[in-house]
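Input: a single structure, listed below in structure tokens.
In our numbering, the protein residues as written are 600 to 689.
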């Protein structure tokens, strides 16, 4: 399997993660502030950014980089609210 195919598979995994995360959210299987939902978004966005970087797709790089940043914010936000940053490492 060539590099282009590997990157395409990574991109499709990213699509699947983002889509499944959105489906789980809308079926109320997960909450928007859950680690599962935000983690799926980080993984999905990362897969899409990797694919976009390889294929030089700047709009996709930009939108999915923002997607990752927002998901990371969602993962870290509860600890900022409590002021308990010790749990982030666990």
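Cβ coordinates follow ideal geometry from the N, Cα and C atoms, glycine included.
- Annotated three-state conformation of residue 680 is helix, per DSSP.
- Judged by beta-carbon spacing, residue 651 lies beyond the 7 Å limit of residue 640, meaning their Cβ atoms are not closer than that value.
- Comparing C-alpha distances from residue 638 to each of 679, 609, 669 and 653 shows the shortest one belongs to 669.
- If you draw a 10 Å sphere on the C-beta of residue 646, you find 16 or more other C-beta atoms in it, and that means buried.
- Excluding the 5 residues flanking it on each side, residue 663 has same chain C-beta neighbours closer than 6 Å at 644, 647 and 648, in chain order.
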